[in-house]
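For what it's worth, the working numbering labels the leading residue of the sequence shown as 9, then goes sequentially.
C-beta: ideal position from N, C-alpha, C; glycine also.
Inspection log for the structure reproduced underneath, given as structure tokens.
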Amino acid sequence: MAEAALGAAPIDDGPDALATVRLLAARGSHAALGELVDAPEPLARRRLSDVAWLKRLGECFCGDPGFRADFLAAPERAARARGLRVAPEDLNAFHAAQGGSDEDDPRARWTENMHALWELTRAGLDCEGWNAAAQSGARPGGEHYRRWRARCRARERYDFPPHVAGFYRPVVAVELASGCSVGCWFCAISADGLRATAELGAAERAEWHAVVDVLERTLGASSAAAICYWATDPLDNPSYESFLEAFHARTGAWPPTVTALAARQPERVARILARAARHGCLSNELSVLSVADLRRLHAAFRPEDLLFTPLVLQGRGAHQFVAYPRAVPARKVLAGRVREAAARGNAMAREAQPGSIACVVGFLLNLVERRVRLIRPCTADARWPLGYVVLDEARYADAPELEARITAMTSRWMSAELPDDRVIGFDHGLEFRVLPNGFELRGAWQTRRFVDRLRLPGRPSWLAIGVLVNAGDASASTIARRLAAGGIDAAAVSEALGVLYDAGVLALDAR
Ligand code: SF4
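Here it is as structure tokens:
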């Protein structure tokens, strides 16, 4: 029998897919939306509903191993039993794509609804473009910051696959709690249990305003690219929405929400998603921890309510799309608690892939603990088991002290030029290899060579530079002095080291 709950009623004040499409179109996102915007409302809504049901089919297939087995055996019967109102051509194309070879690109056989789902997803993702200025750090005074982020992104290319280069990289993460109530076994950032949440009474509201102003003063417009969670679930904080409103009022940006508590608080999440969409933020995600959570969410939300909200399917046996709609088993990231579980022999953890779920390139604040850290993503390993490098860390008592801490970290770590007096080495995680005419640096996803095309008198060889940097015991000025003994020009050494600095491969204070 069909599951009537899948046809949930709209939630008061919840998301409205057509309103979101109109907003996207009004902001100039994707000409392909025009067809939907110009169509009569009943037709446009029906079209969106068709596409949303297709999205839901994917969620059931990836998130529910029982449904997946039934669907693979008899697609129409399984869809009917689950109450999925998916067009027959979509069902057939979805079914046919499973089990294809890697060379076989299912996009060649996409249906009209699959193309529409792709266009809508892209249009939603382009919303991040609304924050482009925020992410660039382009405001006057933000140049040192923009260059530091560029170095971090260049360094990332050694650690992560190319598609990660396009991922959203917030500038600031603000934790509104100490710890997280959810306690996922696979938490890649090893969140502690929930101890306290940040309050928002009159005094705390004034302080939150002051903190946002500090971020704006120190980071410029880029401070708007913020999230209000990290090793926390935002819904643990009863005042979460008020924090977002205050942030939006001061910066004009609405931070995205990622939560694993949506199945337990669907009405609240519906209102958050609707407000986020109205403010142009469609980068929200709902983590789904189990088949039971998936069913609860599907019972609470109509498919079109979640059209612009990806579900991150985290339960046992979940699949993920590789070339939509082909799905393969999802693998966890070998970081945090997954690393610990793998060390204990947990079978699922041992299949995890190296990497990181960390996204912030910038400052991580905890309002409860009054702690600020400067971080960037890296592949998790024994030194950085949570998948992010902590370059600096400090406590602060109030907003002025936070400003002083951020300013100090900025001047210590974001110098636009390579400081002369700090000991340098190649960054942790890069493998240095000598070549006949220079050297190469290897990461899991990128190898870059620094080699001499031709040698000019007075200029250092890349090999000499590489060997001295790799020793990790000298500053730029010491390296220049050592090479000067062989008649090498100090300015040429500085230029070569500058190339390495801009390439993001140098670690400061390497010793
Ligand atoms: S993965 Fe997210 S929700 Fe789960 S414990 Fe970690 S921080 Fe909390």
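What is the residue span of the beta strand (DSSP E) that residue i lies within?
| i | result |
| --- | --- |
| Arg334 | Arg334 to Pro337 |
| Arg456 | Thr455 to Val459 |
| Glu439 | Glu439 to Leu443 |
| Gly433 | Val431 to Phe434 |
| Glu448 | Gly446 to Arg450 |
| Gly370 | Gly370 to Asn374 |
| Leu3 | Not covered by the structure: residue 3. The range shown for the chain is 9 to 519. |
What are the residues that DSSP puts in a beta bridge with residue i?
| i | result |
| --- | --- |
| His327 | Pro337 |
| Tyr396 | Pro385 |
| Val296 | Leu321 |
| Ile235 | Ala181 |
| Arg379 | Asn374 and Arg403 |
| Gln361 | Val341 |
| Ala482 | Ile432 |
| Val266 | Glu293 |
| Thr418 | Per DSSP, none; premise fails for Thr418. |
| Gly201 | Cys188 |
Tell me whether residue i, by its Cβ, gets closer than 7 Å to a heavy atom of the ligand ADP.
| i | result |
| --- | --- |
| Val190 | The ligand ADP is not part of this structure, which contains only the ligand SF4. |
Tell me where the alpha helix (DSSP H) around residue i begins and ends.
| i | result |
| --- | --- |
| Arg286 | Pro274 to Arg286 |
| Pro50 | Glu49 to Gly71 |
| Pro96 | Pro96 to Ala105 |
| Val222 | Ala210 to Leu227 |
| Ser502 | Ala498 to Asp510 |
| Val29 | Ala25 to Ala34 |
| Asp167 | Glu151 to Asp167 |
| His171 | Run containing His171: none; DSSP gives neither H nor E here. |
| Glu43 | Gly42 to Asp46 |
| Ala257 | Tyr248 to Thr259 |
| Pro83 | Pro83 to Arg90 |
Pull up the CB-CB distance for residue i and residue j, whole angstroms please, since I reckon it's below 8 Å.
| i | j | result |
| --- | --- | --- |
| His218 | Ala407 | The sequence given here has Ala at residue 218, not His. Yes, they are in contact, since the Cβ atoms of Ala218 and Ala407 sit about 4 Å apart, within 8 Å. |
| Ile414 | Thr226 | 5 Å |
| Ala350 | Arg339 | Ala350 to Arg339, Cβ: 12 Å. No contact. |
| Phe102 | Gly363 | Not quite, the Cβ-Cβ distance comes to about 28 Å (not below 8 Å), so this is no contact. |
| Ala158 | Arg165 | Rounded, the Cβ-Cβ distance is 11 Å, inconsistent with contact. |
| Asp58 | Asn121 | 5 Å |
| Ala204 | Val45 | Contact doesn't hold; Cβ gap of about 46 Å is too wide. |
| Ala181 | Trp238 | 4 Å |
| Gly132 | Val296 | Between Val296 and Gly132 the Cβ distance is about 19 Å, and since that is not below 8 Å, they are no contact. |
| Met417 | His152 | In fact, because the Cβ distance is near 12 Å, the residues do not count as touching under 8 Å. |
| Ala105 | Ala60 | Contact doesn't hold; Cβ gap of about 19 Å is too wide. |
| Ala434 | Gln322 | A small fix is needed here, since residue 434 is Phe in this sequence, not Ala. With 8 Å as the limit, Phe434 and Gln322 do not qualify as a contact, their Cβ atoms being about 35 Å apart. |
| Gly474 | Pro178 | About 34 Å; that fails the 8 Å criterion. |
| Leu394 | Ala388 | 6 Å |
| Gly446 | Leu471 | 5 Å |
Buried or exposed, going by whether 16 or more other CB atoms sit within 10 Å of the CB of residue i?
| i | result |
| --- | --- |
| Ser291 | buried |
| Ser419 | exposed |
| Glu67 | buried |
| Val501 | buried |
| Phe79 | buried |
| Gly187 | buried |
| Pro246 | exposed |
| Val346 | buried |
| Tyr176 | exposed |
| Thr455 | exposed |
| Val397 | buried |
| His306 | buried |
| Pro312 | Reading off the sequence shown, one finds Glu at residue 312, where the question assumed Pro. Buried: at least 16 other Cβ atoms inside 10 Å. |
| Ser109 | exposed |
| Ala492 | exposed |
| Pro83 | buried |
| Leu208 | buried |
| Leu505 | buried |
| Val299 | buried |
| Glu439 | exposed |
| His436 | exposed |
| Val330 | exposed |
| Ala13 | For Ala13, the pLDDT reaches just 43, beneath the cut-off of 50, and the residue's location in the model is therefore unreliable, although a value from the coordinates is still provided. The residue in question, Ala13, is exposed, as its Cβ has fewer than 16 Cβ neighbours within 10 Å. |
| Asp113 | exposed |
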